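Trainee: Here you go, one structure.
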Amino acid sequence: MIQIDALTYSYTNGPPIFEDFNWRVGRQESWAILGPSGCGKTTLLYLLAGLRFPSGGRILIDGQDLTRPRPKTGLILQDYGLLPWASVRQNAALGLRVRNFYGPDGTHSPRDFKQAGNVNPWLDRLGLLSQADKYPGQISGGQRQRTAIARTLVLQPDLLLMDEPFSSLDAPTREGLQVLTRELAAEHEITLILVTHAIEEAAFMGEKILLLGNPPNRAATVISNPDAGQPDYRDSVEYQQLCRELRSRLGEQ
Amino acid sequence: MKRRDLFLAVAVLLVIWTAAAWIVDKAILPTPLTVARVFITELGGGLPRHFLASLWRVLASTALAIALAVPAGLVLGQSKRMDSLFSPFIYLLYPIPKVVLVPVVLLFLGIGDRAKIFIIFLILFFQILVLVRDQAASLRSELIQSVRSLGAGRRALFRFVYLPASLPAILTALRQSVGTAVAVLYVAELFATQAGLGYYIFLNGSTLFNYPAMYAGVVAMSLLGLGLYFGVDWLEKRLVRWQSAP
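These protein sequences, in sequence, are chains L and U. Note that the first sequence ends on residue 344 in my numbering; no numbers are left out. Note that the second sequence ends on residue 297 in my numbering; no numbers are left out.
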């Protein structure tokens, strides 16, 4: 699904954040990218989203060179990115309206896109129907993040990128949304990449965990975590062990 | 505000006016009833023509100001380089009371509507420019990026983000400057014109000494200002409901 070859990236006048970095992601895998702040994990996500571009090397998604945001990639950010002047329903439909606006031109929206506008099934699936006419300022943080998820999934992505999506939510809401996200990704055969600085979140969400350290990142450190996402995984010994391991590895850096 | 309270306030003001007219007891302050009678007679005379001339000037300059200030404000708000280039000029020009430029503008643009429209345009332009710029600058890059990730290019960003985001700023600017605009319109209409409420008021007051008609003009000008203010209010309620939602 994703192939990163010899990626080099640095901000203007800064030291490189990635240097000769290689990474592979398979279809329908569920990844967590974990690392301390400043390690480049958000940068990596923006590179995958086509919102930033490598200084060297290349990024292929689905075999295609990434030159602009790809219509079948969804991106969800920590602060939700909802339009404050639009209702929940209008926000959820924003991607569809953008696509209707351009038509199926192959760059802004997929060539096979047909005019659409009904987001009710998605609002229903995410438990937002009763909030559909409220504005983002009137609903809770969890509901806002569910609106952002609905807005992205309405577009039927095959790759979902999430940047610290649940870090400003309280623990029960966060855990509920983590389970929901895994469910939705499995239901719709979505490849999931979630960036986080929280060890527990990475351990629960990532079947594979990419550990980033202080830049420059050269080799990809990958930890396999096949049982991630199982409903009772959080109570297991393996989970506890993994958290301990991740904690000590992060501490070493 | 409740409609009943507004009517009550109007009634109280009329009572005060009537009392003042009785106490002063001179031709220069007729009672509201006299003015109302003349106002109605004048509606069949020249008043509508003057009213429409003034209304046209305000609306034309408002449309022009929005058409030029909104794109400029959006560009300045989104581009730090452009903003740092232009902000010293705006900083210097913004506080200048534009009304003092009336004679200058008249000299350059001459008699007729152009000079009057231009001077009101100047007032509204800077107000809208500054507010739209600040609003556009306050749009967080996360918001822009996440809408871009939905496939939005420049045109869709303008349609779905920048334009709706600048609406409240436009309306706030209009609300703040509509009173000034009408005041300056009055001054502008004192010169080199034979149409407009300013001219009508001045003519009746200082040349014809027809005081009730002069007051009818004042009432018409007040109604113009009030109407514009209510219009902005109405638009705000319809277009930016999200800000008033509890």
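For each residue, glycine too, the CB sits at the ideal point set by N, CA and C. Remember, it's a predicted structure, so these values are computed and weren't measured experimentally.
Just the chain U side, please: which residues come within less than 7 Å of F295/L by C-beta, in chain order?
Mentor: Near F295/L there are no residues of chain U at all, since even the closest Cβ is about 24 Å away, more than 7 Å.
Trainee: Whose CA, out of Q178/U, P83/U, L158/U, M133/U, lies closest to the CA of Y145/U?
Mentor: The option with the nearest alpha carbon to Y145/U is Q178/U.
Trainee: Under three-state DSSP, which class holds Y137/L?
Mentor: Note: Y137/L maps to helix in three-state DSSP.
Trainee: Just checking: is the beta-carbon of S81/U within a distance shorter than 8 Å of some beta-carbon in chain L?
Mentor: Looking at the sequence shown, residue 81/U is not Ser but Pro. No - not a single Cβ of chain L is within 8 Å of the one on P81/U.
Trainee: Using a 10 Å radius around the Cβ and a threshold of 16 neighbouring Cβ atoms, would you call P162/L buried or exposed?
Mentor: It counts as buried.
Trainee: In the segment 156 to 231 of chain L, which residue ranges form an unbroken beta strand (DSSP E) of at least 3 residues, counting only runs that do not cross its ends?
Mentor: For the segment 156 to 231 of chain L, whole beta strand (DSSP E) runs of length 3 or above, ordered along the chain, are 164 to 167.
Trainee: Look up Q321/L in the DSSP assignment and say whether it is helix, strand or coil.
Mentor: Three-state result, Q321/L: coil.
Trainee: Mind checking who I314/L pairs with in its DSSP beta bridge?
Mentor: I314/L pairs with I300/L.
Trainee: Which word fits R199/U, buried or exposed, when buried means at least 16 other C-beta atoms lie within 10 angstroms of its C-beta?
Mentor: So R199/U counts as buried.
Trainee: DSSP state of N308/L, grouped into three classes?
Mentor: DSSP places N308/L in strand when its eight states are reduced to three.
Trainee: Using 10 angstroms around the beta-carbon of M52/U, count the other beta-carbons present and answer buried if the total reaches 16, otherwise exposed.
Mentor: M52/U is exposed by the Cβ-count criterion.
Trainee: Under 7 Å between beta-carbons, which chain U residues line up against R190/L? List them in chain order, please.
Mentor: Here the neighbours are G202.
Trainee: If we ignore side chains and look at the alpha-carbon of each, how far apart do F46/L and G276/U end up?
Mentor: Lying outside 92 to 344, the shown extent of chain L, residue 46/L is not represented and no answer is given.
Trainee: Check E287/U in the structure and name its three-state DSSP category.
Mentor: Three-state DSSP puts E287/U in a helix.
Trainee: By the three-class DSSP mapping on this structure, what secondary structure does V155/U have?
Mentor: Looking at V155/U - three-state DSSP - the assignment turns out to be helix.
Trainee: Any idea if G287/L is buried or exposed, counting beta-carbon neighbours within 10 angstroms, 16 or more meaning buried?
Mentor: For the sequence presented, residue 287/L should be read as Thr rather than Gly. Counting Cβ neighbours within 10 Å, T287/L comes out buried, since at least 16 surround it.
Trainee: Just to make sure I have the definition right: I need the residues of chain L whose C-beta is within less than 8 Å of the C-beta of E193/U. Which are they?
Mentor: The answer, in chain order, is L168, Q169, D170, G172.
Trainee: Taking beta-carbon pairs under 9 Å, can you tell me which members of the segment 172 to 186 of chain L lie near chain U?
Mentor: Of all residues in the segment 172 to 186 of chain L, G172, L173, L174, P175, W176, A177, S178, L185, G186 have a Cβ within less than 9 Å of some Cβ in chain U.
Trainee: Give the single residue among Y280/U, G161/U, P99/U whose Cα lies nearest to the Cα of L222/U.
Mentor: Cα-wise, what sits closest to L222/U is Y280/U.
Trainee: Using 8 Å as the Cβ pair cut-off and three pairs as the minimum, do the segment 96 to 106 of chain L and the segment 145 to 155 of chain L touch?
Mentor: Contact holds: three or more Cβ-Cβ distances are below 8 Å.
Trainee: Measuring only between beta-carbons, confirm whether Q196/U sits less than 8 Å from chain L.
Mentor: Output row for Q196/U: interface = yes.
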